[in-house]
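Q: Quick one: this structure, given as C-alpha cells, is what I'll be asking you about.
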Amino acid sequence: MAFVNLGGDESTKPSYFEVIAAEKMVPGIKNAIIYALSVFSQRHDWAQNILRYEDEILSLVMLGLDGLSIRSSNATFAQSFYGIKIKSPTGKARLSKNEKLKVLVIYVLLPYIRLKLDKLYQHQVGSGVLGLALQHRSSFLNRNSPSPTLTERCLISISRGFIKAYPYIIAAYEASSFAYQLLYLLDLSPCHDPLYATQGFEVARTTSEEMMAAAMAQNSSRSRQVQILCEGRHPMASRIIRALATGAFTVADHARSSIFVAAFAFKALEWWYSAGEEKLTSRNALVARPPPPPPIPQSAEGVGLPSDPSSCPLCKGHCKNPSFLTTSGYVFCYACVFNYVMECRRCPVTHLPTSLDHIRKIYRV
Numbered sequence: 010m011a012f013v014n015l016g017g018d019e020s021t022k023p024s025y026f027e028v029i030a031a032e033k034m035v036p037g038i039k040n041a042i043i044y045a046l047s048v049f050s051q052r053h054d055w056a057q058n059i060l061r062y063e064d065e066i067l068s069l070v071m072l073g074l075d076g077l078s079i080r081s082s083n084a085t086f087a088q089s090f091y092g093i094k095i096k097s098p099t100g101k102a103r104l105s106k107n108e109k110l111k112v113l114v115i116y117v118l119l120p121y122i123r124l125k126l127d128k129l130y131q132h133q134v135g136s137g138v139l140g141l142a143l144q145h146r147s148s149f150l151n152r153n154s155p156s157p158t159l160t161e162r163c164l165i166s167i168s169r170g171f172i173k174a175y176p177y178i179i180a181a182y183e184a185s186s187f188a189y190q191l192l193y194l195l196d197l198s199p200c201h202d203p204l205y206a207t208q209g210f211e212v213a214r215t216t217s218e219e220m221m222a223a224a225m226a227q228n229s230s231r232s233r234q235v236q237i238l239c240e241g242r243h244p245m246a247s248r249i250i251r252a253l254a255t256g257a258f259t260v261a262d263h264a265r266s267s268i269f270v271a272a273f274a275f276k277a278l279e280w281w282y283s284a285g286e287e288k289l290t291s292r293n294a295l296v297a298r299p300p301p302p303p304p305i306p307q308s309a310e311g312v313g314l315p316s317d318p319s320s321c322p323l324c325k326g327h328c329k330n331p332s333f334l335t336t337s338g339y340v341f342c343y344a345c346v347f348n349y350v351m352e353c354r355r356c357p358v359t360h361l362p363t364s365l366d367h368i369r370k371i372y373r374v
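With our numbering applied, the sequence shown covers 10 to 374.
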C-alpha cells in the first residue's frame with residue numbers, strides 16, 4: 010500500500026513534486042545502506058572489503074527492490090511509495106517482460122554506468138595520475154623514455170577525447186532532463202524524463218482497484234505456494250510450514266516500510282548531527298588547533314632548499330601551481346615535482362619513498 014496517495018483514477022497525472030520526490034528517494038536509501046555498512050565494518054575488519062564495491066552492492070540491492078516492485082505493481086520501489094505506476098506505450102494494463110527490462114535499465118544500469126564514468130572523469134581530470142600525465146608531459150621524460158607504442162597513443166587519444174566530450178554529454182542530458190521536467194510541470198508532456206520519452210513510457214496514479222487486485226493476486230499466489238509445500242505432509246509438519254510461511258510473508262510485507270523508515274531516520278540523524286556541529290563551530294567550542302610537527306630533515310644527497318621560501322627547490326624559480334608532498338611537506342612547482350617523482354619515486358629534498366598519489370595541490374582562496 011502506498012504511503013502517499015492523493016486519490017484520483019488512472020487518468021489523473023501525478024504531481025510534479027510526487028514524481029521528483031520519488032526520484033530523490035533513491036539516494037537517501039543508498040546513503041542509509043552505506044552508513045549501515047560503514048558502522049558494521051568498524052567492528053568487523055572483513056566487512057571493509059565490502060565497501061570497496063559499494064557501487065556494485067547498491068546497484069544489486071536496487072535491482073532486487075525495483076525488480077520485485079515492477080513485477081507486482083508496474084512501478085519502481087520508490088514510485089510505489091507514492092502510488093505512481095508506469096504505463097505501457099501499448100496501452101496494456103501490465104508491462105511486458107521487455108518493457109520491465111527497459112525500466113530496470115533506466116533505473117539501475119544507466120545510473121551505475123554514469124556513476125562509474127563520473128568517477129573515471131574525476132580521477133583523470135581531478136587528481137588522477139592519467140589525467141595529470143596527459144596535461145603535463147615532461148620534456149625530461151621525452152628525452153629518456155622510448156616513444157609510445159600505437160596502443161598507448163590510441164589510449165591517450167581516447168582518454169583526451171573522453172575528457173573533452175564527457176562534460177558536454179552530461180550537460181546535454183541535464184538540459185534535456187530540465188526541459189522535460191519543466192514541460193511536465195506545465196502539463197505539456199506526459200513524462201518527466203527524456204529516457205521515458207524515448208521508450209514511450211508515461212506515469213500515472215495507481216488506482217485503489219489496482220491495489221486491491223494486486224493484493225488479492227498476491228494472497229492467492231501465496232496460498233497456492235503454501236498448499237504445494239504442505240501437500241502430502243504430516244499435519245504437524247504442515248502447521249510448521251504454514252507458521253514459517255506466515256512469518257516470512259509478514260516480514261516481506263513490512264520490509265518496504267522498514268527500508269523507508271530507515272532512510273528517513275538516517276536523514277534525520279544526518280541533519281541532527283550536522284546542526285550540532287554548526288552550533289559548536291559558531292560558539293568556538295572546538296579545541297585549539299595542535300601545532301604542526303617539526304620539518305623532516307633534509308637528505309645530504311637531496312636538492313638544497315632555496316633562500317626564498319616561495320621558490321621551488323627543483324627549478325629554483327617562483328613556484329607555479331604550488332604543490333606539496335604528503336611524505337615530507339615540502340612545496341614545489343607541480344610540473345617539477347610530478348616529473349621528478351614519476352622518474353625517481355622519492356622526495357627531492359628528503360629522499361623518502363614517494364609516489365604520485367602523495368602529491369597534493371595547494372589552492373588559494
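Cβ coordinates follow ideal geometry from the N, Cα and C atoms, glycine included.
If you're wondering where the values come from, they're calculated on a predicted model, not measured in any experiment.
Is Arg-214 helix, strand or coil by DSSP?
A: It is a strand residue.
Q: Please say whether Ser-68 and Val-134 have beta carbons closer to each other than 8 Å?
A: Not closer than 8 Å, so no.
Q: Look up Ile-79 in the DSSP assignment and say whether it is helix, strand or coil.
A: Helix.
Q: Report the rounded CA-to-CA distance for Val-70 versus Leu-194, giving the unit in angstroms.
A: For Val-70 and Leu-194, the distance between alpha carbons rounds to 31 Å.
Q: Of the choices Tyr-91, Ile-66, Val-48, whose alpha-carbon is the least far from that of Ala-30?
A: Comparing Cα positions, the closest option is Tyr-91.
Q: In three-state DSSP terms, what is Cys-342?
A: Looking at Cys-342 - three-state DSSP - the assignment turns out to be strand.
Q: Between Leu-77, Ser-185, Asn-83, which lies nearest to Thr-215 when the distance is taken from Cα to Cα?
A: Taking only the C-alpha atoms, the option nearest Thr-215 is Asn-83.
Q: Quick check on Ser-1: buried or exposed, where buried means 16 or more other Cβ atoms within 10 Å of its Cβ?
A: Missing from the structure shown is residue 1; the chain here goes from 10 to 374 and no further.
Q: Are the stretch 193-210 and the stretch 225-237 in contact at 8 Å, needing three or more beta carbon pairs?
A: Output reads no: the stretch 225-237 does not touch the stretch 193-210.
Q: Just verifying my parser: in three-state terms, what is the DSSP assignment at Ser-168?
A: Note: Ser-168 maps to helix in three-state DSSP.
Q: Spatial neighbours of Gly-311 within its chain, please: C-beta separation below 7 Å, excluding the five flanking residues on both sides.
A: Same-chain partners within the cutoff: Pro-357, Val-358, Thr-359, His-360.
Q: Would you say the stretch 331-350 touches the stretch 360-369, given that touching needs at least three Cβ pairs under 8 Å?
A: Because the criterion of three Cβ pairs below 8 Å is met, the stretch 331-350 and the stretch 360-369 touch.
Q: According to DSSP, is Lys-96 helix, strand or coil?
A: It is a strand residue.
Q: Run the CB neighbour count on Tyr-343, radius 10 Å, all protein chains shown included, and call it buried at 16 or more, exposed below.
A: Buried: at least 16 other Cβ atoms inside 10 Å.
Q: Is DSSP giving Pro-203 helix, strand or coil here?
A: Helix, per DSSP.
Q: By DSSP, does Arg-369 sit in helix, in strand, or in coil?
A: Strand at Arg-369.
Q: What first and last residue would you give for the alpha helix (DSSP H) that runs through Leu-195?
A: That residue, Leu-195, is in no alpha helix (DSSP H); it is neither H nor E in DSSP.
Q: State the Cα-Cα distance for the pair Ile-178 and Ile-167, rounded to the nearest angstrom.
A: If I take the Cα positions, the gap works out to 15 Å.
Q: What is the rounded straight-line gap between the Cα of Cys-163 and the Cα of Gly-170?
A: Cα-Cα distance, rounded: 10 Å.
Q: Which residue from Tyr-25, Lys-33, Gly-37, Cys-200 puts its Cα closest to that of Ala-277?
A: With distances taken between Cα atoms, Ala-277 lies closest to Gly-37.
Q: Out of Ser-185, Leu-204, Asp-127, state which residue places its alpha-carbon closest to the alpha-carbon of Ile-172.
A: Checked all of Ser-185, Leu-204, Asp-127; the closest Cα to Ile-172 is Asp-127.
Q: Please report the straight-line C-alpha distance between Ser-148 and Phe-347, rounded to a whole angstrom.
A: Confidence in Ser-148 is poor, its pLDDT being 38 and thus under 50, which makes the residue's placement unreliable; the coordinate value appears in the next sentence. Each residue's Cα considered, the two are about 12 Å apart.
Q: Could you work out which residue in Ile-66, Phe-26, Pro-203, Glu-32 is closest to Ala-188 when comparing CA atoms only?
A: It is Pro-203 whose Cα lies nearest to the Cα of Ala-188.
Q: Would you mind reading off the limits of the alpha helix (DSSP H) that contains Ser-24?
A: Run containing Ser-24: none; DSSP gives neither H nor E here.
Q: Residues bridged to His-327 by DSSP?
A: DSSP lists Ser-320 as partners of His-327.
Q: Classify Ser-364 as helix, strand or coil using the three-state DSSP reduction.
A: Coil, per DSSP.
Q: From Leu-129 to Pro-120, what distance separates their C-alpha atoms?
A: Each residue's Cα considered, the two are about 14 Å apart.
Q: Can you name the start and end residues of the alpha helix (DSSP H) that Arg-123 belongs to?
A: That run of the alpha helix (DSSP H) goes 119-131.
Q: If you compare alpha carbons, which of Ser-81, Lys-125, Cys-345, Thr-336 is closest to Lys-106?
A: When each option's Cα is compared against that of Lys-106, the closest is Ser-81.
Q: I'd like to confirm the pairing. Which residues does DSSP put opposite Leu-72 in its beta bridges?
A: Per DSSP, none; premise fails for Leu-72.
Q: Can you give the Cα-Cα distance for Val-260 and Ser-364, rounded to whole angstroms?
A: Roughly 51 Å between the two C-alpha positions.
Q: When the Cα atoms are used, what is the spatial distance from Lys-33 to Ala-56?
A: So the two alpha carbons sit approximately 28 Å from each other.
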